[in-house]
Amino acid sequence: KKADPKAAAEPPPPEDPVEDEELVEDLSGDICEGDFVFQDASTYTGEYIKRGEEVVMHGAGRLVSGPESFSGTFEKGAYKSGEFRSCNGEVYKGAFRDNLFHGVGEYTWLDGRVYRGMWRAGRMHGPGSFHNFVVGTETFTGFSIDGDFNSAASKEAKATYLAEYGSACAASASAALRDLHEKTGGARAPRKFLVPSAVAEEGETPRVAADRELVIAALAGPFPEASAARREALAGLVAGLAEGTERPLSVTVYEESGAPGQRLDGQRLLLPQLQYVGQAVEFSLHPDAAATAEPGTLVALVLVNVSPEYTLEGARWKIAHAEAVPPPATD
């Protein structure tokens, strides 16, 4: 469907100024409020920002275009999240990307059918559920593939989605692990991989404050110390990602929280898995490598994506859990 409108316990290291530059928007000026009638007779009421002489819908607002309407949040002129009513009266409530239904959303048909679940580029795609699919029937849960819904009885649809989604998440988290190892200097990991302290610090940057809010929504503590992911401690995990290695790393994309064998306590994951936002990926050393690892070496690491976007572009992977070989016992 297309909608067409007009916290670590110890103090972390200093913020890398380059990271904050990633948050700078290409819009300038204060957010204003107003009412507008565009050339196509569509009307807008709400927040906006100006780009030269152009009015850009940005923030909370309502756009009415003939029989269609959208009420919610706009970002740089496009739908971000909210309620879209189509010309035939059917309603979508949820997230958008490029003015398409994208992310978690709910669509209600005029005949009473309701789909709740994941969308991609305007189509149902991913885990979800159908209500009132047939009058008087129970709710069906399952997986959609490019607009086609399949009940849980269809293992093929689930396998197709998990193969695609899991591969993408594993690749993104693996790239983050390599980046973490490369940029870790001294005894601390870069701040962008760490969970901010629970209490705001004096002089902290907007990115740190934003990260704190994102973590609060996706993940509960306790969190590893900043010194847990030292460069030498990460070396074994990164080596296990090398192509052709005899001791490959085990990479697990969580399908649900609290499943047997997971190293991260499922109660700490505050959002459903398989939806990008709040996704956890676990890295574990090969058993042979773990058996010979030196004290202090990380044998397992769990990263969680706290980005609020339903895409891996711009994923923000945070260290949620770390396990290292303990030092030898002393008498």
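Residue numbers (my numbering): 814 to 1144. We put the CB at the ideal spot given by N, CA and C, even for glycine. Note that the structure is predicted; figures quoted are calculated from it, not measured.
Could you please give the first and the last residue of the uninterrupted alpha helix (DSSP H) stretch that includes His1099?
Element bounds for His1099: n/a, residue is neither H nor E.
If I measure Cβ to Cβ from Arg1025 and keep anything under 6 Å in the same chain, skipping five residues before and after, which residues do I get?
The residues are Pro1009.
Is the distance from the Cβ of Gly1071 to the Cβ of Pro1061 below 7 Å?
No, the Cβ-Cβ distance between Gly1071 and Pro1061 is not below 7 Å.
Just to confirm my understanding: we take His944, look at its own chain, exclude 5 residues before and 5 after, and list those with CB closer than 6 Å. What are they?
Within the same chain, His944 has close Cβ partners Val927, Thr952.
Kindly indicate which three-state DSSP category Pro1019 falls into: helix, strand or coil?
DSSP places Pro1019 in helix when its eight states are reduced to three.
Under three-state DSSP, which class holds Val1119?
It is coil, neither helix nor strand.
What separation, rounded to the nearest whole angstrom, lies between the Cα atoms of Phe956 and Ala1102?
Answer to the nearest angstrom: the Cα atoms are 37 Å apart.
Can you tell me whether Pro824 is buried or exposed? The criterion is at least 16 other CB atoms within 10 Å of its CB, across all chains shown.
Reliability of the predicted coordinates at Pro824 is poor, the pLDDT of 40 falling under 50, and the value obtained from them is presented with this limitation in mind. Pro824 is exposed by the Cβ-count criterion.
Check whether the Cβ atoms of Gly1091 and Leu1084 sit closer than 7 Å, and answer yes or no.
In this structure, Leu1084 lies closer than 7 Å to Gly1091 by Cβ.
If distances are taken between C-alpha atoms only, which option among Ser899, Ala1135, Asp848, Ala873 comes closest to Leu1077?
Considering only alpha carbons, the answer is Ala1135.
Quick check: the Cα distance between Tyr1123 and Asp924, rounded to an integer number of angstroms?
Cα to Cα, Tyr1123 sits roughly 29 Å from Asp924.
Determine the DSSP secondary structure at Cys900, reduced to helix, strand or coil.
If DSSP states are grouped into helix, strand and coil, Cys900 belongs with coil.
Given a cut-off of 7 Å on the beta-carbon distance, is the pair Gly939 and Arg929 in contact?
Cβ atoms of Gly939 and Arg929: not closer than 7 Å.
What does the alpha-carbon distance come out to for the pair Thr1105 and His871?
Whole-angstrom Cα-Cα distance: 55 Å.
Would Ala934 and Leu913 qualify as a contact pair, given that the criterion is a beta-carbon distance under 7 Å?
Yes, the Cβ-Cβ distance between Ala934 and Leu913 is below 7 Å.
With DSSP as the reference, identify every bridge partner of Tyr920, one or two as the case may be.
Per DSSP, Tyr905, Tyr928.
Which one of Thr950, Thr921, Ile958, Phe946 has the shortest CA to CA distance from Met937?
Nearest of Thr950, Thr921, Ile958, Phe946 to Met937, Cα basis: Ile958.
To which residues of the same chain is Gln843 closer than 8 Å at the C-beta, ignoring the five residues directly before and after it?
In the sequence on display, residue 843 carries Asp and not Gln. If we look at Asp843 and ignore the five residues flanking it on each side, its Cβ neighbours are Ile862.
Where does Lys819 land, buried or exposed, given buried means 16+ other C-beta within 10 angstroms?
Because Lys819 sits at a pLDDT of 43, beneath the cut-off of 50, its placement in the model cannot be relied upon, and the following sentence gives the value as read from the coordinates. By the neighbour-count rule (16 or more Cβ atoms within 10 Å), Lys819 is not buried but exposed.
Reducing DSSP to helix, strand and coil, say where Tyr978 ends up.
Looking at Tyr978 - three-state DSSP - the assignment turns out to be helix.
List the residues that DSSP assigns as beta-bridge partners of Gly998.
According to DSSP, Gly998 bridges with Arg1001.
Counting C-beta neighbours from all protein chains within 10 Å, is the total for Gln1080 16 or more, i.e. buried, or is it exposed?
With fewer than 16 other Cβ atoms within 10 Å, it is exposed.
My assumption, with CB atoms under 8 Å, is that Gly874 sits in contact with Tyr857. Please give the rounded CB distance.
Yes, Gly874 and Tyr857 are in contact; Cβ-Cβ is about 6 Å, under 8 Å.
Taking Gly1131 as the reference, which of Glu1059, Glu1045, Pro1035 has the closest Cα?
In the sequence on display, residue 1131 carries Lys and not Gly. Here the closest residue by C-alpha is Pro1035.
Assuming the contact rule is C-beta atoms closer than 8 Å, Leu1111 and Leu1050 should be a hit. Round their C-beta distance to whole Å, please.
The pair is a contact, with the Cβ atoms about 6 Å apart (cut-off 8 Å).
Give me the DSSP bridge partner(s) of Arg864.
Arg864 is bridged to Glu867.
Could you check whether Val1066 and Val1094 sit closer than 7 Å to each other, using their CB atoms as the reference points?
Contact: yes.
Between the C-alpha atoms of Glu1014 and Glu1056, what's the straight-line distance to the nearest angstrom?
For Glu1014 and Glu1056, the distance between alpha carbons rounds to 42 Å.
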